[in-house]
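Residue numbers (UniProt numbering): 1 to 208.
Note that the Cβ used here is the ideal one computed from N, Cα and C, for glycine as well.
Keep in mind that this is a model prediction, so the values were computed, not measured.
What follows is one structure encoded as structure tokens, with my remarks underneath.
Shown next, in the form of structure tokens:
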């Protein structure tokens, strides 16, 4: 399947948000390599590996929930989710100023009134910000992410981590950390099997 048909599939899956998704793609394709957010070779893979990979997460998000995206970088997965789910409250967390500048540009151009940007590391927001769900994509190991993210979950919160084929290995290594933070594995969900070249694995952790 070609990249063009992948783009078409994704846009057809979200017709009401197609224009904004196209805008975000075009902005990231131009600004991403210039600002060092993505490598030049990643531009042709944006629809599948980055935007589509982010969008499939929205099926796990209850209506009206709040979501914190840790180490969002170029706004992935947070911005695509904010585009297709205006009912959600999205918090993009990123410590690097050059990435913050892109996020501010993207959020303004796309008119995402449901999105807030925080220049901080996750641990700097402990005690200041909580949400129904916390997510992270390609940031760190499950063990590290639990340390950073669990304090950001509200009392009924879920930690949803987008991981690769080593998810089970990382979970095994993280068991003592999960126990210490009062988290258990709820599920490992394969997302986007009908949309992506490589489906996304979402590791879902919940409070005991």
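query                                                                                                                          : result
Enclosing alpha helix (DSSP H) for residue 103 [first to last residue]                                                         : 97-110
From 139, 105 and 79, residue whose alpha carbon lies closest to that of residue 164                                           : 139
Anticipated Cβ contact below 8 Å, residue 177 with residue 206, distance rounded                                               : In fact, because the Cβ distance is near 15 Å, the residues do not count as touching under 8 Å.
Distance between residue 40 and residue 89 (C-alpha atoms, nearest Å)                                                          : 31 Å
Coarse secondary structure for residue 140, derived from DSSP in three states                                                  : coil
Alpha-carbon spacing of residue 23 relative to residue 200, whole angstroms                                                    : 23 Å
Limits of the alpha helix (DSSP H) - the one that residue 30 falls within                                                      : 18-34
Local Cβ density within 10 Å of residue 198, reported as buried at 16 or more and exposed below that                           : exposed
Helix, strand or coil at residue 48 according to DSSP, with G and I counted as helix                                           : helix
Nearest neighbour of residue 170, chosen from 144, 71, 107 and 70 [CA to CA]                                                   : 144
Contact set for residue 66: own chain, Cβ-Cβ below 6 Å, skip 5 residues either direction                                       : 89, 131 and 132
Cut-off 6 Å between Cβ atoms - residues of its own chain near residue 98, not counting five sequence neighbours on either side : 35
Beta bridge counterpart(s) of residue 185 as assigned by DSSP                                                                  : 205
Residue 70, DSSP secondary structure in three states                                                                           : strand
Where residue 85 falls: helix, strand or coil (DSSP)                                                                           : coil
Distance between residue 44 and residue 68 (C-alpha atoms, nearest Å)                                                          : 28 Å
Any 3 or more C-beta pairs closer than 8 Å across the region 108-127 and the region 69-80                                      : yes
Nearest to residue 150 (by Cα), restricted to the options 195, 54 and 204                                                      : 204
Contacting residues, own chain, Cβ-Cβ under 6 Å from residue 192 (five flanking each side not counted)                         : 56, 199 and 200
Integer-rounded CB distance, given that residue 94 should sit under 8 Å from residue 71                                        : 7 Å
Rounded separation between residue 38 and residue 30 - CA only                                                                 : 10 Å
Cβ-based neighbour list, residue 46, same chain, cut-off 7 Å, excluding 5 preceding and 5 following                            : 25, 28 and 29
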